Amino acid sequence: MINQTYKEKDLPLKEMEAIGLASNGKLNISAENLNALLSGNRTELVRLNNLSSEGVNIKELDAKLSLNPNAAGKLNLLLHPIYKSAQAPNVLDKTEIEDLKNGTVNNVLKEVGEGELKKTVFVEFDKETNEFIKVDSSKVIAPESVNDQLLTQAQKKRFKEGQEIELPDGTSLQATGKNNKALLSNRSMLILSVMLDGGLSYMILKGIKALEGKQQKLQYNKGYNDALEKVLKEQKQRNIPPNNYKNLVILKDFKEVLPAIITKDSIQTTVEKIDVENLKLEPKHLAVLKEVLNYDNLR
Numbered sequence: 367m368i369n370q371t372y373k374e375k376d377l378p379l380k381e382m383e384a385i386g387l388a389s390n391g392k393l394n395i396s397a398e399n400l401n402a403l404l405s406g407n408r409t410e411l412v413r414l415n416n417l418s419s420e421g422v423n424i425k426e427l428d429a430k431l432s433l434n435p436n437a438a439g440k441l442n443l444l445l446h447p448i449y450k451s452a453q454a455p456n457v458l459d460k461t462e463i464e465d466l467k468n469g470t471v472n473n474v475l476k477e478v479g480e481g482e483l484k485k486t487v488f489v490e491f492d493k494e495t496n497e498f499i500k501v502d503s504s505k506v507i508a509p510e511s512v513n514d515q516l517l518t519q520a521q522k523k524r525f526k527e528g529q530e531i532e533l534p535d536g537t538s539l540q541a542t543g544k545n546n547k548a549l550l551s552n553r554s555m556l557i558l559s560v561m562l563d564g565g566l567s568y569m570i571l572k573g574i575k576a577l578e579g580k581q582q583k584l585q586y587n588k589g590y591n592d593a594l595e596k597v598l599k600e601q602k603q604r605n606i607p608p609n610n611y612k613n614l615v616i617l618k619d620f621k622e623v624l625p626a627i628i629t630k631d632s633i634q635t636t637v638e639k640i641d642v643e644n645l646k647l648e649p650k651h652l653a654v655l656k657e658v659l660n661y662d663n664l665r
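Add 366 to a position in the sequence shown, counting from 1, and you land on the number used in this note's numbering.
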């Protein structure tokens, strides 16, 4: 989870309308992907159709989306398309690049910058977009507890640095910048408690992606049930209706039947299909697309 939250009112609606994610001020995006954007994470792959501007026409484009504030604090919408060739950051050596691409390691921890600008990041490789990702560990929120099991300070530190941590009940989890929950686990459902705005909040996460090379375990166990009981108790104390989880910062499950696509590395996934006609791109988005098209880098 990324320690960076945005308000829905601050979303760049004009940019989102330009690629079909909003219309007449109303959003056209799934609940999970909206939560991802507002939490500072990347969305899952979104399919955009019939993009055209200044003579450049793209029949369809699959891309992940994220938000990034500019110097004035205004949010910009970033596109992360599927690339034919991956451009590795210069902080990695050849062995680290190959290990990430081959899946030998999940990420590589690095220190970047100098002096006051020095920071710790972990670098991942997203096979869905064929792209290297740098995650600033200082922006990662470590949960206070997972399925009613408290994390030690050492575990929180490891989590923030992108390392896998294991809890007494066998639950394993790892921070990531590659998906819309910013989390990988050997369980597909978890209940986390996190410190947000100075208070403890609970988050129910469903449909969590599996850790690399590990089979996911049963969703429910004693820890999960104990944590759920605490959530329901808090819900009752705060007089929140059973179907209203918004004030508990709980992410609800989101399901839809969507066509599968196969990436260059033959990994099957699904994309959210947005059916729009003759979308007009903003100049900065067009510049990105022109660049990758000119270098034959877009899949």
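Here a beta-carbon is modelled for each residue, glycine too, at the ideal position from N, C-alpha and C.
Quick caveat, the model's predicted, so the values are computed rather than measured.
When you compare only the Cα positions, how much space is there between residue i and residue j?
i	j	result
alanine 454	valine 471	15 Å
asparagine 513	leucine 417	44 Å
arginine 413	asparagine 496	16 Å
glutamate 383	glutamate 464	38 Å
alanine 576	asparagine 436	33 Å
aspartate 592	glutamate 527	28 Å
leucine 379	glutamate 410	19 Å
threonine 486	glutamine 529	13 Å
leucine 433	aspartate 502	15 Å
leucine 594	glycine 565	18 Å
serine 405	lysine 460	33 Å
threonine 398	threonine 371	Note that residue 398 corresponds to glutamate in the displayed sequence, not to threonine. Looking at the two C-alpha atoms, the distance is approximately 15 Å.
isoleucine 395	threonine 542	22 Å
serine 511	aspartate 563	17 Å
proline 447	arginine 408	12 Å
leucine 466	lysine 425	31 Å
alanine 452	phenylalanine 498	7 Å
leucine 533	leucine 458	31 Å
lysine 602	glycine 589	20 Å
asparagine 415	lysine 440	27 Å
lysine 580	lysine 476	25 Å
glutamate 600	tyrosine 568	9 Å
glutamine 515	lysine 596	13 Å
phenylalanine 491	glycine 391	35 Å
lysine 500	glycine 479	13 Å
glutamate 494	leucine 400	19 Å
glycine 348	asparagine 456	Look at the range of the chain in this structure, 367 to 665, and you will see that residue 348 is not part of it.
lysine 572	isoleucine 531	19 Å
valine 560	glutamine 519	14 Å
isoleucine 587	leucine 393	Looking at the sequence itself, residue 587 is asparagine, so the reference to isoleucine does not match. Distance between the alpha carbons of asparagine 587 and leucine 393: 37 Å.
lysine 544	glycine 481	29 Å
glutamate 462	arginine 524	20 Å
Drop a sphere of 10 angstroms on the beta-carbon of residue i, count the other beta-carbons inside from all chains shown, and report buried for 16 or more, exposed for fewer.
i	result
glutamine 521	buried
serine 389	exposed
proline 509	buried
asparagine 423	exposed
aspartate 428	buried
aspartate 690	Any property of residue 690 remains undetermined from this structure, which presents the chain solely from 367 to 665.
lysine 450	exposed
serine 504	exposed
leucine 443	buried
alanine 438	exposed
leucine 517	buried
glycine 386	buried
lysine 373	exposed
leucine 483	exposed
Using a Cβ-Cβ cut-off of 8 Å, state whether residue i counts as contacting chain D.
i	result
lysine 505	Protein chain content of the structure displayed is limited to a single chain, and chain D is not contained in it.
Between residue i and residue j, how many whole angstroms is the CB-CB distance? I'm expecting something under 8 Å.
i	j	result
valine 489	valine 474	5 Å
isoleucine 574	leucine 549	6 Å
asparagine 546	glutamine 582	About 17 Å separates the two Cβ atoms, so there is no contact after all.
glutamate 578	glycine 469	6 Å
leucine 403	leucine 445	So it is not a contact: roughly 13 Å between Cβ atoms.
Quick check: the stretch 535–543 against the stretch 551–560, are there 3 or more CB pairs under 8 Å? yes
Inside the stretch 452–502 only - alpha helix (DSSP H) runs reaching at least 4 residues: 460–468
Alpha helix (DSSP H) segments (min. 4 residues) lying fully within the stretch 386–423: 397–404
Which runs of the beta strand (DSSP E) spanning at least 3 residues fall entirely within the stretch 510–545, listed in chain order? 538–541
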